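Inspection log for the structure reproduced underneath, given as structure tokens.
Numbering (the working numbering), first residue to last: -1 to 218.
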């Protein structure tokens, strides 16, 4: 079986939890890890007051639904030990945060770090989307100064996305990895990442970013 480039996600509709104090709803995030395409990991969360993610409160590991029985592999202690559960849980939490919205339209709170892994050919378009969303007043056609600022913001957004992808792919030194790909020093990449943060160019700020970058294949 050929491993996909990205995790695949499915999110259930919130199911109200009866006879409990507070406004609580149960949600299950199912994901097929990119490095384990034969496995389905189901992680259960609770959403409080339609805004905040709590948990996880349960994890189930089983065969992926689209794997033929002839290709099934044992789901035992060795697999459970080897799965990068901390990274998978963070990815599931981010997908839930961005996949569902609060009543005000904002992402749910409770997501921790961005672990999205956009494919390299997606990054330029995602970077432009990110810059337009965070800096709608910047138009590269408004003159040389505006064009320079636009190009700087695009570079910062691309580096931010490349860094997030490096983290998600398991790079132990993501800044060094991005630096090698770009032919610059790791310190330069860290300076760009700091600049991206100052400009508000975090990947999770793009509307529906998770649906595009984390889980381009949402079929199932």
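Ideal placement from N, C-alpha and C gives every residue a C-beta, glycine not left out.
Here the structure is a predicted model, which is why all the values come from computation and not from measurement.
Sequence-distant Cβ neighbours of residue 154 in its own chain, meaning closer than 7 Å and more than five residues away, are 190, 193, 194, 197, 199. Contact between residue 36 and residue 89 does not hold, since the beta-carbon distance rounds to 18 Å and is not under 8 Å.
DSSP, read as helix, strand or coil, puts residue 133 in coil. Secondary structure at residue 15: coil, using DSSP grouped into helix, strand and coil. If you draw a straight line from the Cα of residue 132 to the Cα of residue 86, it comes to about 28 Å. Setting aside the 5 residues that flank it on each side, residue 183 is surrounded in the same chain by 177, each with a C-beta closer than 7 Å to its C-beta; the list follows chain order. When Cβ pairs closer than 8 Å are counted between the two stretches, the segment 38 to 56 is seen to touch the segment 19 to 28, the count reaching three or more.
Beyond the five residues adjoining it in sequence on each side, residue 172 comes within less than 7 Å, by CB distance, of 161, 164, 165 in the same chain, given in chain order.
With a contact defined as Cβ atoms closer than 8 Å, residue 145 and residue 7 miss out at about 37 Å. A Cβ-Cβ distance of about 6 Å is found for the pair residue 60 and residue 73, placing them in contact under the 8 Å criterion.
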